[in-house]
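Comments concern the structure below.
2 protein chains.
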Amino acid sequence: MSVERVRVTVSSADRAARAALSAVTEPGDERIALRVRDAGAEATWQAVLGGDDALDRSRTSRRRAEHVDGGELLERAEQLGIQYLCPSEPGWPAPLDDMAVTLDYGDRVPPPLGLWLYGDGDLAALAESAVAVVGSRACSRYGARVASDLATDLALAGRTVVSGAAYGIDAAAHRGALGVGGETIAVLACGVDVPYPRTHAQLLERIAADGLIVSEVPPGSRPLRAWFLARNRIIAALSAGTVVVEAAPRSGALSTATWTQKLSRETLVVPGPITSDLSAGCHTLVRNGAGTLVTGVADVLEAIGRLGDHMPPDPERETRPIDDLLPVHLMVRERMYADALETVAGLARRTGLPARTVATSLRELAAVGWVTREDGGWRLGSTISPLETRT
Amino acid sequence: MSVERVRVTVSSADRAARAALSAVTEPGDERIALRVRDAGAEATWQAVLGGDDALDRSRTSRRRAEHVDGGELLERAEQLGIQYLCPSEPGWPAPLDDMAVTLDYGDRVPPPLGLWLYGDGDLAALAESAVAVVGSRACSRYGARVASDLATDLALAGRTVVSGAAYGIDAAAHRGALGVGGETIAVLACGVDVPYPRTHAQLLERIAADGLIVSEVPPGSRPLRAWFLARNRIIAALSAGTVVVEAAPRSGALSTATWTQKLSRETLVVPGPITSDLSAGCHTLVRNGAGTLVTGVADVLEAIGRLGDHMPPDPERETRPIDDLLPVHLMVRERMYADALETVAGLARRTGLPARTVATSLRELAAVGWVTREDGGWRLGSTISPLETRT
């Protein structure tokens, strides 16, 4: 992506405002995301500078803002070889826009103001085939082995492995992909130039060389605890599915699973011994119907293949006869509002069906043109159906 | 159960015919089960003696039959302290009649002609709270530990642990129950007086002393390979749910899970490392939606509590308002034939819903009187519903 192409769609003032905002606001701040959407980044930046109470979360952002110059931030980043990529710019991965859609529909997953990128990879290309592999920092040898093997197999299948570069499962996943020359993305809660954890400095260098390091906080930022949870939504959004390899009951990895669900992506779960606390969080996800059990790369590919978001259209589905549709399909369709972008979660609530069943039905309805997939949601299609002719 | 009480409901000739049939027919023979239902045991026995081709499976049963005397079999068994219990006799567990129901509706699970019993336990009382714990003969230490711990916890919760007395998981389950003075039932593929496997002779003696040994083949019978699979349906039928602890992809334990599903009972599955082939069959059950993942006794009790078959009615459910019903409930009910006993499997096929969703909906519909549970199936209830008033 050349800088020239970027400037075609997003003004340098907008970019500077976003960069500045990323330096003084909390990652994933919903009010900031809404204000930027409604008023634009420049006006939001002015509001922060002006001390707008509605936006002032930390009560220090105004004071901090006075010392921030977005243009300077961008310039310094460029000198370090760090790009700043904003929504709608060429190279911005379309799946990330599912976050923007949630601001209106479903559980809110605030989109990042932009993403700081470091490395040789092309984010949009990498995200097209990305699968996240996440889990506990304090993983077991079983978990590390599974994460590494799975990442290796995903890389060999041409998938990008997304993770958070943390100790344990994350590192095993990145290494598994790098080990076979695969591509991998590390999404950090700190600046893309900050080696955190410090002992992963070499790992991060390898990731930058073969893939990409991504963050929504500016270069040089040290990670704050809350930022790890916000960071997890970027991991989920970049990936067609997220594999949770090991997670104790209150593990941070479970937050990635929650983001995954809010974004209608596949949560895939590796089981383990019931005698291991590190698998207890995983088992709970499966028991609650919040995740699909997977036992290897074939299961993962099958599951994200079913999702279809990031996959080429399946010609077989085009010819599926309407006669194959079952009452469950009709029911899902009957509960969709004519003028709304529906979410799987919303329809699941309205119908009482499991979310997985709703998602499957929507995909099958889409195959016959009864509904259409659109920016992370679903809309009634224009095809005349038996239902229309009946009413 | 006294012999006098038995003779009130079933004639000695019928008992003798069933005993004789159990000696010359294959356990679980569907044609025999259907003929006995339609023509009675005595007429079926005469047909076998007369060489009825339609019933002659092994081509040797007629020759064998000529040497069998049912009355003698019963007498010899009585001398050994072995009872023969026939359907509808006092002491016959009601849940076993779910097998008879399947002959008309759903996948056929042929009921046994009767059950040979050895031990001090009361079968009907034990079956009221029974949970099966089954799995691979060649189990891992992990599997053996889980089976033993789970059986111990089930026994401490007042449940009867049902299993097959085989090596591995079965033995660990029986021992786990016996270890805390719990009750346990061993269902054998050989005669109840045949110590098989031989090294389990002492274990079987303990089971007989504290619980019950059950078989549908007469005393003295050596087990045939095919009989183990047929035996598994008795394990499934006696239990509100079956826990599969470890099962390789083609393990016999998976046949118990199949029977469990055919009988609309809960299939509960213990996960394990994905690196262990002994857990692969378990994971497949979960992935296919054929089983519910459980991680301990609480999960098991919750799952079989939900089934409700063997549980006292829940007063809270009586007062559940109809307003709580969701479209999914209406859909399930709309697809039920007015005059039929419906099965979960049949409704799942007809609606396209997962079987678990159908089962949940039926239970919730039953709570408001819209459907009734009956002999292992479901029937439309008589309550006037919004649907009736609408059509």
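Protein sequences appear in the order of chains A and B. Going letter by letter, the first sequence gives residues 1 to 391 in the working numbering. Going letter by letter, the second sequence gives residues 1 to 391 in the working numbering. Glycine residues also receive a C-beta, built at the ideal position from the N, C-alpha and C atoms.
Bridge-paired residues (DSSP) for residue i
i: T242 of chain B; result: B:A132, B:T267
i: V161 of chain A; result: A:V131, A:T184
i: I213 of chain A; result: A:Y118, A:A186
i: E374 of chain B; result: B:G377
i: E364 of chain B; result: Bridge partners of E364 of chain B: none, in fact.
i: Y196 of chain B; result: Answer by DSSP bridge pairing: none, since Y196 of chain B is not bridged.
i: Q83 of chain A; result: A:L117
i: T392 of chain A; result: One cannot answer for residue 392 of chain A here, as it falls past the ends of chain A, which runs 1 to 391.
i: E342 of chain B; result: B:W378
CB of residue i within 8 Å of CB of residue j, strictly
i: L123 of chain A; j: P219 of chain A; result: no
i: L268 of chain A; j: T292 of chain A; result: yes
i: L362 of chain B; j: V328 of chain B; result: no
i: A366 of chain A; j: A355 of chain A; result: no
i: C139 of chain B; j: G176 of chain B; result: no
i: V101 of chain B; j: D375 of chain B; result: yes
i: W116 of chain B; j: S276 of chain B; result: no
i: V24 of chain A; j: V68 of chain A; result: yes
i: A247 of chain A; j: C282 of chain A; result: yes
i: I82 of chain A; j: D210 of chain A; result: no
i: T295 of chain B; j: I304 of chain A; result: no
i: R373 of chain B; j: R350 of chain B; result: no
i: A20 of chain B; j: Y84 of chain B; result: no
i: R198 of chain B; j: A166 of chain B; result: no
i: A147 of chain A; j: V245 of chain A; result: yes
Environment of residue i [buried if 16+ CB atoms lie within 10 Å]
i: D14 of chain B; result: buried
i: S88 of chain A; result: exposed
i: Q202 of chain B; result: exposed
i: Y142 of chain A; result: buried
i: L224 of chain A; result: exposed
i: S12 of chain A; result: exposed
i: H174 of chain B; result: buried
i: Y118 of chain B; result: buried
i: A253 of chain A; result: buried
i: G70 of chain B; result: buried
i: V162 of chain B; result: buried
i: V180 of chain B; result: exposed
i: Y337 of chain B; result: exposed
i: R390 of chain B; result: Here R390 of chain B scores only 32 on pLDDT, less than 50, and its place in the model should not be relied on; the value that follows carries that caveat. That one is exposed.
i: G114 of chain A; result: buried
i: H310 of chain A; result: Residue confidence for H310 of chain A is low, a pLDDT of 38 falling below 50, so the modelled location carries little weight; the figure read from the coordinates is stated next. With 16 or more Cβ atoms within 10 Å of its Cβ, H310 of chain A is classed as buried.
i: N288 of chain A; result: exposed
i: T319 of chain B; result: The pLDDT assigned to T319 of chain B is 38, lower than 50, so where the model puts this residue is not dependable; a value taken from the coordinates is nonetheless given after this. When all chains shown are included, T319 of chain B counts as exposed.
i: R265 of chain B; result: buried
i: A39 of chain A; result: exposed
i: G401 of chain B; result: The question about residue 401 of chain B has no answer here: the residues shown for chain B are numbered 1 through 391.
i: T343 of chain B; result: buried
i: T357 of chain A; result: buried
i: E316 of chain A; result: In this prediction, E316 of chain A has a pLDDT of 41, which is less than 50 and means its spatial position is unreliable; what the coordinates show is noted afterwards. Counting Cβ neighbours within 10 Å, E316 of chain A comes out exposed, since fewer than 16 surround it.
i: E42 of chain B; result: buried
i: P95 of chain B; result: buried
i: P249 of chain B; result: exposed
Within chain B, the residues that residue i reaches when beta carbons sit closer than 8 Å
i: H329 of chain A; result: G352
i: D401 of chain A; result: As displayed, chain A neither begins before 1 nor continues past 391, which places residue 401 of chain A out of reach and without an answer.
i: T357 of chain A; result: L353, P354, T357
i: Y142 of chain A; result: P273, T275
Contacts that residue i makes with chain B (C-beta to C-beta distance below 7 Å)
i: H283 of chain A; result: P271, L293, T295
Under 7 Å by beta carbon: chain A residues contacting residue i
i: I274 of chain B; result: V146, V270, P271, T295, G296
Contacts of residue i in chain B (Cβ-Cβ under 9 Å)
i: A280 of chain A; result: T295
Residue i: contacting residues in chain A (beta-carbon distance under 8 Å)
i: Y337 of chain B; result: Residues of chain A passing the Cβ test: none, with the nearest at roughly 14 Å.
Count the CB pairs spanning the stretch 85-104 of chain A and the stretch 177-189 of chain A that are closer than 8 Å, and state whether there are at least three.
In short, these stretches do not touch, since the Cβ pair count stays below three.
Meets three-Cβ-pair contact criterion under 8 Å: the stretch 227-242 of chain A and the stretch 255-274 of chain A
The stretch 227-242 of chain A vs the stretch 255-274 of chain A: in contact.
Taking 8 Å as the cut-off, does the stretch 131-141 of chain B touch the stretch 151-167 of chain B (at least 3 CB pairs, one atom from each stretch)?
The stretch 151-167 of chain B vs the stretch 131-141 of chain B: in contact.
Between the stretch 197-212 of chain A and the stretch 103-111 of chain A, do at least 3 Cβ pairs fall closer than 8 Å?
Judged by Cβ distances under 8 Å, the stretch 197-212 of chain A makes no contact with the stretch 103-111 of chain A, as fewer than three pairs qualify.
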